[in-house]
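Asker: The following block contains the structure, expressed as structure tokens.
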């Protein structure tokens, strides 16, 4: 297993632990990994997840906790593409560009029309190496409701019904 797959699997696993805690924003989990020039020594130096109410974002929180060193390569791993639109705060893409992060790896492209590949493109235009590393169900399952909402403009609804053996529902 390559290094990027290893850390993306970790972010996807940890995202499930904090899933549904950041309404109205999707819950995102990010890791920052510090590596030497040969990628032989790697260590997680920071992490963050989207907080209650949607602020601060996972990437911004992870960046704020890192003391960047010279002669090191920093990679940000995230479960969702970093946002590139301005809102209540500076976008995560702008914070990543201003930091000492050289690589960004994320597992799911954001279906929000304000982002949807624009974050990836902006990072690449600013000289960062970006890798879109999607896993099938592992990365999409926690975001199925969010994806449905952004693509079809409707909520994901689950109905649970109790009925008898002969398929009758009591009133």
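Residue numbers (this note's numbering): 1 to 171.
Where is the CB? At the ideal position from N, CA and C, for every residue including glycine.
Remember, it's a predicted structure, so these values are computed and weren't measured experimentally.
(1) How would you call residue 163, buried or exposed, if buried means at least 16 neighbouring beta carbons within 10 angstroms?
(2) Relative to the C-alpha of residue 78, which candidate in 156, 148, 6, 151 has its C-alpha closest?
(3) If you draw a straight line from the alpha carbon of residue 105 to that of residue 145, how long is it in whole angstroms?
(4) When the distance is taken between beta carbons, is residue 76 closer than 9 angstroms to residue 108?
(5) Should residue 24 go down as buried or exposed, given a rule of 16 or more other Cβ atoms within 10 Å for buried?
(6) For residue 115, which residues from the same chain have a beta carbon less than 7 angstroms from its beta carbon, with the 5 sequence-adjacent residues on both sides left out?
(7) Where does residue 1 sit, in a helix, a strand or coil, going by DSSP?
(8) With DSSP as the reference, label residue 43 as helix, strand or coil.
(9) Anyone know if the C-beta pair for residue 113 and residue 72 falls short of 9 angstroms?
(10) How many Å lie between residue 58 and residue 39 at the Cα?
(11) Between the Cα of residue 70 and the Cα atoms of 17, 54, 34, 44, which residue gives the shortest distance?
(12) Can you check the segment 61–104 for any alpha helix (DSSP H) of at least 4 residues that lies completely inside it and give the ranges in chain order?
Answerer: Considering the structure as presented:
(1) exposed
(2) 6
(3) If you draw a straight line from the Cα of residue 105 to the Cα of residue 145, it is about 23 angstroms long.
(4) Between residue 108 and residue 76, the gap from beta carbon to beta carbon reaches 9 angstroms or more.
(5) exposed
(6) 81, 83, 84, 85
(7) With a pLDDT of 47 at residue 1, under the threshold of 50, the modelled position of this residue cannot be trusted, and the question is left open.
(8) strand
(9) no
(10) 24 angstroms
(11) 34
(12) 92–98
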